[in-house]
Amino acid sequence: MKTPLYLIDGYALIFRSYFAFIRTPLTTSGGVNISALHGFTRILLNILRDYSPEYLAVALDSRTPTFRDEMFEDYKKTRDKTPEDLKAQFPIIETLLKEFHIPTVRRNGMEADDIIASLARSCSAEGRPCFIVSGDKDLYQLVDEHVRILKPSRSGGFEELDGEGVFQDKGVHPDQIIDYLALLGDSADNVPGVKGIGQKTAEKLLGQYESLDGIYDHLEDIQSANWKKKLSEGRESAFLSKKLVILKDDLDFEFTLDDLTLESLDGGSAAELLKKYEIQNLSKEIQKVNGSSPGKESPFYGMGEIGGPEMDPGGGMLEEDLSSGSPGPGDQAPADGMDKEAREKREALNARIGDMEQDFSSLEARYELVTDAEGLRNWVDRCMNAGEYAFDTETDSLDALDAQLCGFSLSCTPGEACYVPLRSPGNTPHLDESTALSILKPLLENPEYRLAGQNIKYDYCIMARRDVVMANPWFDTMIAAWLIDTTANSYGMDALAEQYLGYTTGKLIPLYEEITGEKVTKARANSIDFARIPLDRALDYAAEDADITLRLSRILGLYLERADLNPGAKQTALFHDLEMPLVPVLGDMEMRGIMLDTPALRKYSTELEEQLEEITGDIYEMVGHEFNIASTKQLQEVLFQERKLTPVKKTKTGYSTDTSVLEQLSKEDKVPELVLRHRTLSKLKSTYVDSLPLLIHEESGRLHSRFQQNGTATGRLSSHDPNLQNIPIRDEEGRKIREAFVPRDGCMFISADYSQIELVVLAHLSRDPGLVKAYNEGTDVHSLTASQIFQVKVDDVSSMQRRIAKSINFGVMYGMSAFRLSREIGISRNEAQEFIDAYFQTYSGIRRYIDDLVERTEKLGYVETMAGRRRSIPTISSSNKNERMGAQRIAVNTPIQGSAADIVKTAMLKVDAELKKQNLQTRLLLQVHDELIFEVPENELDGVEELLGRIMPGAVELSVPLSVNIERGASWGEMH
DNA sequence: CGTGTCGCGTAC
DNA sequence: GACGTACGCGACACGG
298 MKTPLYLIDG
308 YALIFRSYFA
318 FIRTPLTTSG
328 GVNISALHGF
338 TRILLNILRD
348 YSPEYLAVAL
358 DSRTPTFRDE
368 MFEDYKKTRD
378 KTPEDLKAQF
388 PIIETLLKEF
398 HIPTVRRNGM
408 EADDIIASLA
418 RSCSAEGRPC
428 FIVSGDKDLY
438 QLVDEHVRIL
448 KPSRSGGFEE
458 LDGEGVFQDK
468 GVHPDQIIDY
478 LALLGDSADN
488 VPGVKGIGQK
498 TAEKLLGQYE
508 SLDGIYDHLE
518 DIQSANWKKK
528 LSEGRESAFL
538 SKKLVILKDD
548 LDFEFTLDDL
558 TLESLDGGSA
568 AELLKKYEIQ
578 NLSKEIQKVN
588 GSSPGKESPF
598 YGMGEIGGPE
608 MDPGGGMLEE
618 DLSSGSPGPG
628 DQAPADGMDK
638 EAREKREALN
648 ARIGDMEQDF
658 SSLEARYELV
668 TDAEGLRNWV
678 DRCMNAGEYA
688 FDTETDSLDA
698 LDAQLCGFSL
708 SCTPGEACYV
718 PLRSPGNTPH
728 LDESTALSIL
738 KPLLENPEYR
748 LAGQNIKYDY
758 CIMARRDVVM
768 ANPWFDTMIA
778 AWLIDTTANS
788 YGMDALAEQY
798 LGYTTGKLIP
808 LYEEITGEKV
818 TKARANSIDF
828 ARIPLDRALD
838 YAAEDADITL
848 RLSRILGLYL
858 ERADLNPGAK
868 QTALFHDLEM
878 PLVPVLGDME
888 MRGIMLDTPA
898 LRKYSTELEE
908 QLEEITGDIY
918 EMVGHEFNIA
928 STKQLQEVLF
938 QERKLTPVKK
948 TKTGYSTDTS
958 VLEQLSKEDK
968 VPELVLRHRT
978 LSKLKSTYVD
988 SLPLLIHEES
998 GRLHSRFQQN
1008 GTATGRLSSH
1018 DPNLQNIPIR
1028 DEEGRKIREA
1038 FVPRDGCMFI
1048 SADYSQIELV
1058 VLAHLSRDPG
1068 LVKAYNEGTD
1078 VHSLTASQIF
1088 QVKVDDVSSM
1098 QRRIAKSINF
1108 GVMYGMSAFR
1118 LSREIGISRN
1128 EAQEFIDAYF
1138 QTYSGIRRYI
1148 DDLVERTEKL
1158 GYVETMAGRR
1168 RSIPTISSSN
1178 KNERMGAQRI
1188 AVNTPIQGSA
1198 ADIVKTAMLK
1208 VDAELKKQNL
1218 QTRLLLQVHD
1228 ELIFEVPENE
1238 LDGVEELLGR
1248 IMPGAVELSV
1258 PLSVNIERGA
1268 SWGEMH
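Numbering (the working numbering), first residue to last: 298 to 1273.
Right, here's the structure in full:
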């Protein structure tokens, strides 16, 4: 066996090392980035240590444009400009290589890859083993019986890839890599590939047709119309890509193998260099490395042409602009039907809004940094005198339960604000938290002073955890903006300032990135630490927050008032009497959390795992091979191609494999049946059983879901992290998860849910005599409906008939079509239509209500709920029928769903007030749309049941009775 | 590796 | 195409 040659892909490893530490770069004490120097040297030393190579070379890229640039002018054009702090490391690394006496090879017009390819081919030709050190998949094409890849692993070792290894890694053989890359493209190098073909597809196609030529020769045989289309559109691009990814392997070199020995290695001066960059450990290590016969000059090969850009600046692809023209905020008043007085009022309000905008835009902001007690007292006095002020906290986390308080800001006059830092970088003296809070407390806790804020629930929680209970959260700009336009895509302060004030705020993320040098990814945006921002910059940002919030509160107040000019409108009341008081109630729920029986879930997880493995095995056996059952794409192939089952319906990208389809297919084949079971169990496992325990808060040991008040267009709440509003209940397996929600010691749960609240609301809104009568007499509405449409006595209604009636009752509220109903209950479309017709004949009041509502919506452009919540529906007059029908369904559904939400919110406030009044320890934990769940000390159980039974049915007054089911249980699963 | 989109499935 | 409102998972494609 000949002595192996080691080829190191220089720049590939340098880039890789730099970007590996991009979030927390390695730097010298002076802040100089040394990630690449460190990482590259580490890999180099590991090769020396692990493989003791005799022959080795580092291949480097050309300093001038390469033949690929000439072939394809966009080549590598998508790359960002190489960062300056990375570029600065190139010469250092080259110097290091030179001083260490590591042979380097570079040739102008050629990339390192081409050099490696040529040297590797020479090795193959003479039967010499060759190891290529790189993580770049382009080089996989070189692997053969003599050539292998050494891919540096995270742990510091190397993964050795031969032909089999390449196949394991990429799913194709080395001689297919070129075609693989030609299909896939490489965005980093701007190799186009075939658009829409990804790893999985490329792998599959090459598995079947061997090569690119094979694929195009058999284009007509390809089953998927989708792929066929993409491939034929991308043909030219594929073959150009192929040319780009083929490495040039026929370069001639003037040197011989002997020029690539490591005999003259000399770690001495390299060690000095590393020491200079404060890389102590590697410096020591390199110091010890020495070749056997020192003194030989390190060869440096190349043509010596200088200059030429290393890389071109990126072209920067523009993202498609998704924003669409949104309706103006809150002003969709009808032109007609308004009397003179109303029009005058409206004009007066518009004038006030205009004047206010004018005043605000001419302000010169004056912001003050407050660092001592006297300064803060002064500001608190000013706020008290004004009676109304804006308040905002700065912290180190968006999670109010973890957050440290870094400071806060106040404003009581537009354009004037202060920031009070409590944590900051550097040594500027400032107030400590407890002193500051003791001065602030009398302001925040006195209900006489009205507090404006943006997302007050957050600040409420922050302060409550520090024993300051904000007593008058009076104007949340986020919630106000939501009420004005429930379908906006952002309620962030920046967006509101832009929209309502025409004001562009300072942006925190760029500021933070500039100061810390860290990239703020989405995952990290939660933990921006405001204390790291120097006070001068912090002042501008934080004080502006309070200033803008105050301005927004004033102008949004006017917008609410203006909305109230519409007949019957009551947005201001809805805001102040319902939504704002709800803020602390939701904050309390979030802070309290709910207890989870984690051991029970862990045990269940194991059971599910076992069942899943068994099902998976059975499926593989029947299908004859392994595949990813969770991949709809792969599943489609198995079902519709291999097993030749008939597709039932399509999705945007292929054939559907959803539950209804699989159920259908189960009649013919066992596999879809097993897949259904697999779906159910893996859904439970991944979404609930395994995920819920991960969200348990360390300090409290409980699960703190967050209730979003502006999460929906209808007025419902939503819940997230975790979403506790979609915990399973319908199936036995799912119910087990509810059983893992348990009360704290000495308590039980009480659940109170409104029965059929949406149908009751429909009865109330439509005033349909039949429906109203049924509710007043306590008749079972579904049975009554069935008796009417099937023309039988109520007592003779079969369970099937009742089920159908129930479907229709619910379907009507959603604007269900005959098509859907027919599928839902397995009857023909005509039959379904007959049922629907019979339904509307029976409940003619509902028909009339819907028709009137749609007509009214066409006139006004919006719908309203009982509490005056408004949703604008501009597409109600669309010329596109589908769009218009969709709008009509929204118009019908929103008042029903939204009014139900109004009722439940009202109940929450009344119950909360009563619990406080009676000084009970019972606490509201969850709201699930029509259900409230309380944690109740045992001695309060009876009293609370009585209280709920008294308050909840009468939360609002309706023309039909609203009944509540109340149950108690030792777990959430025990109720219902 | 991070991010967005899709298909799907859970709740009311 | 065909029933409203949410959230969140895994797979996949894609860009840096």
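Beta carbons: idealized from backbone N, C-alpha and C, even for Gly.
| said: Less than 8 Å between the C-beta atoms of Ile1143 and Ser1063, yes or no? | reply: yes
| What are the boundary residues of the alpha helix (DSSP H) that includes Glu456? | It is not in any alpha helix (DSSP H) - Glu456 instead sits in the beta strand (DSSP E) that spans Phe455 to Leu458.
| query | Are the CB atoms of Leu932 and Leu962 nearer to each other than 8 Å? | reply | no
| field | In DSSP terms, what Val1160 is bridged to | value | Arg1168
| Cβ distance (whole Å) where Gln1005 is taken to contact Leu879 below 8 Å | Actually they are not in contact, since the Cβ atoms of Gln1005 and Leu879 sit about 12 Å apart, beyond 8 Å.
| request: Reducing DSSP to helix, strand and coil, say where Ile446 ends up. | output: strand
| Rounded to the nearest angstrom, how far is the Cβ of Met760 from that of Leu741, given a contact under 8 Å? | 6 Å
| field | Inter-residue spacing [alpha-carbon to alpha-carbon] between Glu713 and Ala1204 | value | 40 Å
| query | At what residues does the alpha helix (DSSP H) containing Asp1199 begin and finish? | reply | Lys1178 to Lys1214
| Residue range of the unbroken beta strand (DSSP E) whose run includes Arg404 | Where Arg404 is concerned, there is no enclosing beta strand (DSSP E), given that its DSSP letter is neither H nor E.
| task | Could you say if the stretch 900-913 and the stretch 486-498 meet the contact criterion of at least three C-beta pairs nearer than 8 Å? | result | no
| For Thr692, the residue or residues it bridges with in DSSP | Leu702
| Supposed contact pair Val444 and Ala417 - C-beta distance, whole angstroms, cut 8 Å | 5 Å
| message | Would Cys1044 and Glu1232 be called neighbours here (beta carbons separated by less than 8 Å)? | response | Closer than 8 Å, so yes.
| request: Taking only runs that begin and end inside the stretch 1031-1106, name each unbroken alpha helix (DSSP H) of 4 or more residues, in chain order. | output: 1054-1063, 1066-1073 and 1078-1087
| Given Pro380 as reference, the closest of Ala333, Asn724, Arg940 and Glu1030 once Cα atoms are compared | Ala333
| Cut-off 8 Å between Cβ atoms - residues of its own chain near Phe1116, not counting five sequence neighbours on either side | Only Arg1126 and Ala1129 meet the Cβ criterion.
| request: With a cut-off of 8 Å on the beta carbons, I'd call Pro739 and Ile753 a contact; round off their distance for me. | output: Taking C-beta atoms under 8 Å as the contact rule, Pro739 and Ile753 fail to qualify, at a distance of about 19 Å.
| Taking only runs of the alpha helix (DSSP H) that begin and end inside the stretch 943-999, which ones reach a length of at least 4 residues, in chain order? | 956-963 and 967-980
| said: Assuming contact is defined by CB atoms lying nearer than 8 Å, are Ala535 and Leu509 in contact in what I supplied? | reply: yes
| message | To the nearest angstrom, how far is the alpha carbon of Lys982 from that of Ser1104? | response | 30 Å
| message | So for Ser928, helix, strand or coil by DSSP? | response | Ser928 falls in the coil class under three-state DSSP.
| query | Which residue comes first and which comes last in the alpha helix (DSSP H) that contains Glu569? | reply | Per DSSP, the continuous alpha helix (DSSP H) segment holding Glu569 begins and ends at Gly564 to Lys573.
| said: So the candidates are Ile825, Val920 and Thr948; which of them puts its Cα closest to the Cα of Gln938? | reply: Val920
| message | Taking 8 Å as the threshold (C-beta atoms), are Ile412 and Ala356 in contact? | response | yes
| field | Buried versus exposed, by CB contacts within 10 Å (16 or more), Ile319 | value | exposed
| C-alpha distance - Phe1132 paired with Val1094, whole-angstrom precision | Between the C-alpha atoms of Phe1132 and Val1094 there is a straight-line separation of about 15 Å.
| the ligand SAM heavy atom lying under 7 Å from the CB of His443 | Absent from the structure shown: the ligand SAM. Ligands present: none.
| message | If contact is defined by three or more beta carbon pairs under 8 Å, each pair taking one atom from either stretch, is the stretch 1259-1267 in contact with the stretch 1078-1085? | response | no
| field | Ser721 versus Asn823 - alpha carbon distance | value | Distance between the alpha carbons of Ser721 and Asn823: 19 Å.
| Which residue comes first and which comes last in the beta strand (DSSP E) that contains Glu1264? | Val1261 to Gly1266
| message | I need the straight-line Cα distance from Leu855 to Leu989, nearest angstrom please. | response | Cα-Cα distance, rounded: 43 Å.
| query | With distances taken between CB atoms, is the gap from Ser1169 to Gly1183 smaller than 8 Å? | reply | no
| field | Sequence-distant residues of the same chain with beta carbon closer than 6 Å to Leu544, five excluded per side | value | Asp410, Asp411 and Ala414
| request: Under 6 Å Cβ to Cβ from Asp772, same chain only, skipping five residues before and after it: list those, please. | output: The identity of residue 772 in the sequence shown is Phe, whereas the question assumes Asp. Within the same chain, Phe772 has close Cβ partners Ala749 and Ser850.
| Residue interval of the beta strand (DSSP E) (run including Tyr664) | Arg663 to Leu666
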